[in-house]
Amino acid sequence: MSPGGRFGNSSTGPALAVGAGLTMIIALYMMFLYAPTDSVQGPVQRVFYLHLPMAWIAYLAFFIVFVASIAYLVTRSRRWDQLARSSAEVGLVFTTLVIITGSLWGRPIWGTFWEWDARLTTTLILWFIYLGYFMIRSYIPDQERSMRYAAIIGIIGFIDVPIIHMSVRWWRTLHPEPIVTQSGGPAMPDSMIYTMGVALLAMTLFFASLVYQKLLVEQARDELSDYQVVESDRQADAAERVTA
Amino acid sequence: MRSLDKVFAIVWKDLLTEVRTRELVVGMLVFAMLTIVTFNFSFDLTGIERAPSGAGALWVAFIFASLLGLGRAVALERDRGSFDGLLLVPVDRGMIYLGKLLGNVIFIAVVQLVTVPVFGALFDLPVYQPALFLILLLGTLGIAGLGTLFSVMAASTRAREVMLPVLLFPVALPVVISTVRATTLVLTDQMEDLVQWVNLLAAFDAIFLTIAFLVFDRVVED
Amino acid sequence: MTAPDESAAFSQDDATVRIAGHELTKRYERRSVLRKLNLQLDAGESVVLFGPNGAGKTTLLRVLSTLTRPQHGTLQINGLDSDSDGIRIRGQIGVLAHQPYVYDSLTARENLQFFGRMFDVPDLKRRIEYVLAEVELLERADDQVGTFSRGMLQRIALARAILHQPSILLFDEPDTGLDVASVRVLERILAEHCAAGGTLLMTTHDLDFGLRAASRVLVMARGRIELDHPACGVDRAQIESMMGAPGA
């Protein structure tokens, strides 16, 4: 089957995309029209319905990278690395968005674009670990080695995340600092909880859809690479036959 | 145990080489000293608040010096092709990691042994405390533990000097936080909260040294 | 100056296959370097491998030395699987590569002490003296290896390769750039190894040197074995034309 032939066949891709689109529309409606305005923070608080699900996705994506990395090291099967790099790329985008939406939300609330609290800081470090993950991939010419090394970064990075969070939290609480933000304020009304639930679902479906599409691209890319090897071998053989 | 003897053989070989060439430690030492002196002009390391800033300066100096040493240690081994010679040895490759790690720890420790007294004298801080040596040891194990692994990985890349800090800094952040905090507590004689930082360091070291030991084989294979 | 004869005869089991490589495949970046290569060496065989640059000879030797893993294919050395028993295999092979794998700041003796420890060589002190005598480096034994000439470097590398008395020698262009005296040492050691029943696989660009040392000739091109013939009666012209062919 030629590369690209798979794109028209499966129904998973369209199903995910449609599902994600529909739930996202519902979620957006609920975020902006259904959920009540927060009494303490005002309309800005609505960013939170995007920010929190994105944060959940950023860490979920890295968890997938972690599992896929272990699977790759154990099985040496390229398919696991395809999953890892797809999830990592989408995860990096979501992590970037988390940091940006967090800053946008923080400015009116805290007065600053940034607070060194445990969650934000850990997410920032996660961003740098993702960066290292992609840098090591792109700076190693041999494909097999780059997959192996990336897998190791994926494993070490993920295990480190809770430790980073803990150390930053202790650093904050044991160090006299201005009081950090409190999210949500008094108990959230049910409508807010429902909205958040739908937003989480929508974002997860959106993430799954993106990763799936990315996975197809990576599979095609690897297949293309295989063909290039086969082709260059064929040309070398042909050249040899001519001169022999 | 025969494997342990091979670990010590690697350490002996690296120490002997360093004694004869002095290529690593001198550079690291000068770098560390210069960093501390430069920090003095960036932050106020003479006032009442000098303990926390000083602890930070000290560990930044050690980390930068370690980066230098780790990178060059790998380059030395690789440039003569002798790393492949090590890989031909009938030993679990995790043992090679341990041998390299131990050597790196010793080199960093030598730098610390000279830098810490100088630091204490320059900024009038009480550095001669057993707790501080424990923190130095655990912190160095953390930095060198991951640094030894990452430096070998970085050596295969096209941007090896950049790659090592990019990999090491985010992942070793808990070590940085713990060592600086713990050092500050020791220098300001606030020992009550020290235990949990030490525990964190010890747990970090145990976890990541084990992981590095297990994956080193996959790093050096071709 | 010869030391007492320590060359132990390697066990000669006629049915023993020393090296068995099956469909070895290795790909770097976008190129195939080894393409389903099959190889078998029996105990006591001495094989020379010729081939143009880029044919994959060095990669093949690296695979056989367990330095490089093939993407596909299996490899057994002395009956041990290269995937699961790499450690034991490495104790039974002696490897000489393009780089000498010795440490410049250590003396010849110290280098051998180090590798002797790493290879669990019994009665190490005596073995070191014997090997140094074999490679004719006793006079320079306490000089740092960094001061050695190319020929002496290769000789100390040779000493390292045979230190643990491996039954299989894998030598990649051991004669390149050597002075006459060092080539003499090399040939003597190869002859002693083969006389004791050891197995040898060697690559070289020097046809004469290769044909003298070996009983079987392989020619490799573009990742495959193209010629497999006993050394006696092999067609030199054919080998030369294959060596002249473009490698990649």
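Residue numbers (the working numbering), protein chains in the order written: chain A, 1 to 244; chain B, 245 to 466; chain C, 467 to 714. Backbone N, C-alpha and C define an ideal beta-carbon position, used for all residues, glycine too.
Next on the checklist: Taking its Cβ as the centre, do 16 or more other Cβ atoms sit within 10 Å of Asn-519 (chain C), making it buried, or is it exposed?
Outcome noted: Burial check for Asn-519 (chain C): the Cβ neighbour count within 10 Å stays below 16, so the residue is exposed.
Checklist entry - Hey, would you say Ala-625 (chain C) sits closer than 8 angstroms to Leu-598 (chain C), going by beta carbons? => result It is a contact, given that the beta carbons lie within the stated cut-off.
Checklist entry - Which residues in chain B sit within 8 angstroms of Val-561 (chain C), going by Cβ to Cβ distance? => result Residues of chain B with a Cβ closer than 8 angstroms to the Cβ of Val-561 (chain C) are, in chain order, Leu-332.
Checklist entry - Within the present structure, is the beta-carbon of Glu-706 (chain C) separated from the nearest heavy atom of the ligand HEM by less than 7 angstroms? => result No copy of the ligand HEM appears in this structure; indeed no ligand is present at all.
Checklist entry - By the 10 Å Cβ neighbour count, where 16 or more other Cβ atoms means buried, how is Arg-606 (chain C) classified, buried or exposed? => result Classification of Arg-606 (chain C): buried, given that the 10 Å Cβ count is 16 or more.
Checklist entry - Where does Ser-548 (chain C) land, buried or exposed, given buried means 16+ other C-beta within 10 angstroms? => result Here Ser-548 (chain C) is buried. Its C-beta has 16 or more other C-beta atoms within 10 Å.
Next on the checklist: Quick test of the definition: if touching needs 3 or more C-beta pairs under 8 angstroms, does the region 74-89 of chain A touch the region 207-223 of chain A?
Outcome noted: Flag = yes, the region 74-89 of chain A and the region 207-223 of chain A touch.
Item to check | Assumed close pair Thr-642 (chain C), Val-611 (chain C) - CB separation to whole angstroms, cut-off 8 angstroms | outcome: Taking C-beta atoms under 8 angstroms as the contact rule, Thr-642 (chain C) and Val-611 (chain C) fail to qualify, at a distance of about 19 angstroms.
Next on the checklist: For the region 539-558 of chain C against the region 149-156 of chain A, do three or more pairs of beta-carbon atoms, one drawn from each stretch, fall closer than 8 angstroms, so that the two count as touching?
Outcome noted: Contact fails between the region 539-558 of chain C and the region 149-156 of chain A, because fewer than three Cβ pairs, one in each stretch, are under 8 angstroms apart.
Item to check | DSSP-derived helix/strand/coil call for Met-30 (chain A) | outcome: Met-30 (chain A) falls in the helix class under three-state DSSP.
Checklist entry - Given that a residue counts as buried once 16 or more other Cβ atoms are within 10 Å of its Cβ, and exposed if not, what is Pro-176 (chain A)? => result Since pLDDT at Pro-176 (chain A) reaches only 43, below the 50 mark, its modelled position is unreliable, and no value is offered.
Checklist entry - Cα-Cα, which of B:Glu-436, B:Val-263 and B:Gly-291 is closest to Asp-368 (chain B)? => result The option with the nearest alpha carbon to Asp-368 (chain B) is B:Gly-291.
Item to check | Other residues of its chain near Leu-378 (chain B): CB distance less than 6 angstroms, five sequence neighbours each side excluded | outcome: Within the same chain, Leu-378 (chain B) has no close Cβ partners at all.
Checklist entry - DSSP on Tyr-139 (chain A), reduced to helix/strand/coil? => result Residue state, collapsed to three classes: coil.
Item to check | Beta carbon proximity, Glu-658 (chain C) to chain A, threshold 8 angstroms | outcome: So no, Glu-658 (chain C) is outside the interface.
Next on the checklist: By the 8 angstroms beta-carbon criterion, what residues does the region 564-593 of chain C contribute toward chain B?
Outcome noted: From the region 564-593 of chain C, only His-564, Gln-565, Pro-566, Tyr-567, Val-568, Tyr-569, Asp-570, Ser-571, Leu-572, Glu-576, Phe-580, Phe-581, Arg-583, Met-584, Phe-585 and Asp-586 have a Cβ closer than 8 angstroms to chain B.
Checklist entry - Cα separation between Met-1 (chain A) and Ala-71 (chain A)? => result Annotation note: pLDDT 46 at Met-1 (chain A) (below 50); position unreliable, coordinate value reported separately. CA-to-CA, the gap between Met-1 (chain A) and Ala-71 (chain A) works out to about 27 angstroms.
Item to check | Close beta carbons around Pro-53 (chain A), own chain, < 6 angstroms, minus the five adjacent residues each side | outcome: The residues are Ala-199, Leu-200 and Met-203.
Checklist entry - For Arg-46 (chain A), which residues from the same chain have a beta carbon less than 6 angstroms from its beta carbon, with the 5 sequence-adjacent residues on both sides left out? => result Only Met-31 meet the Cβ criterion.
Next on the checklist: So, with DSSP's three-state summary, where would you put Pro-418 (chain B)?
Outcome noted: In the structure shown, Pro-418 (chain B) falls within a helical segment according to DSSP collapsed to helix, strand and coil.
Checklist entry - Are at least three pairs of beta-carbons, each pair with one atom in the region 411-421 of chain B and one in the region 103-110 of chain A, less than 8 angstroms apart? => result Cβ pair count under 8 angstroms is below three, so no.
Item to check | Coarse secondary structure for Leu-562 (chain C), derived from DSSP in three states | outcome: Assigned with DSSP and collapsed to three states, Leu-562 (chain C) falls in strand.
Item to check | chain A contact residues for Ser-498 (chain C), given Cβ-Cβ distances below 9 angstroms | outcome: Near Ser-498 (chain C) (Cβ distances below 9 angstroms), the residues of chain A are Val-229, Val-230, Ser-232, Asp-233 and Ala-236.
Next on the checklist: Assuming the contact rule is C-beta atoms closer than 8 angstroms, Val-685 (chain C) and Gly-517 (chain C) should be a hit. Round their C-beta distance to whole Å, please.
Outcome noted: The Cβ separation is near 6 angstroms, so the contact holds.
Next on the checklist: Could you pull the DSSP bridge partners for Ile-543 (chain C) from this structure?
Outcome noted: C:Ile-485 and C:Leu-546, per the DSSP bridge assignment.
Checklist entry - Taking 8 angstroms as the CB-CB cut-off, is Glu-495 (chain C) touching chain A? => result Yes - at least one Cβ of chain A is within 8 angstroms of the one on Glu-495 (chain C).
Item to check | DSSP beta-bridge partners of Tyr-494 (chain C) | outcome: Partner(s): C:Arg-497.
Checklist entry - For Asp-638 (chain C), which beta-bridge partners are listed by DSSP? => result Note: Asp-638 (chain C) sits in a beta bridge opposite C:Thr-669.
Checklist entry - Taking Cβ positions only, does Pro-178 (chain A) come closer than 8 angstroms to chain B? => result A caution first: Pro-178 (chain A) carries a pLDDT of 38, below 50, which makes its placement in the model too unreliable to give a value.
Checklist entry - Given Asp-323 (chain B), which residues of its chain have a CB within under 7 angstroms of its CB, disregarding the five upstream and five downstream residues? => result Within the same chain, Asp-323 (chain B) has no close Cβ partners at all.
Checklist entry - Which one of A:Ile-64, A:Leu-205, A:Val-229 and A:Val-230 has the shortest CA to CA distance from Leu-16 (chain A)? => result The option with the nearest alpha carbon to Leu-16 (chain A) is A:Leu-205.
Checklist entry - Cβ of Ile-553 (chain C) less than 8 angstroms from any chain B Cβ? => result Yes, Ile-553 (chain C) counts as interfacial toward chain B.
Checklist entry - Any C-beta of chain C sitting closer than 8 angstroms to the C-beta of Arg-246 (chain B)? => result Taking Cβ atoms only, chain C reaches closer than 8 angstroms to Arg-246 (chain B), which makes this a yes.
Next on the checklist: If you follow the beta strand (DSSP E) that Pro-696 (chain C) is in, where does it begin and where does it stop?
Outcome noted: Counting along the chain, the beta strand (DSSP E) containing Pro-696 (chain C) begins and ends at 690-696.
Item to check | Cα-Cα separation between Gly-663 (chain C) and Thr-482 (chain C), rounded to whole angstroms | outcome: Near 12 angstroms, if we compare the C-alpha coordinates of Thr-482 (chain C) and Gly-663 (chain C).
Next on the checklist: Determine, for Ile-451 (chain B), whether the minimum Cβ-Cβ distance to residues of chain A falls below 8 angstroms.
Outcome noted: Interface flag for Ile-451 (chain B) against chain A is set, since a Cβ pair is found closer than 8 angstroms.
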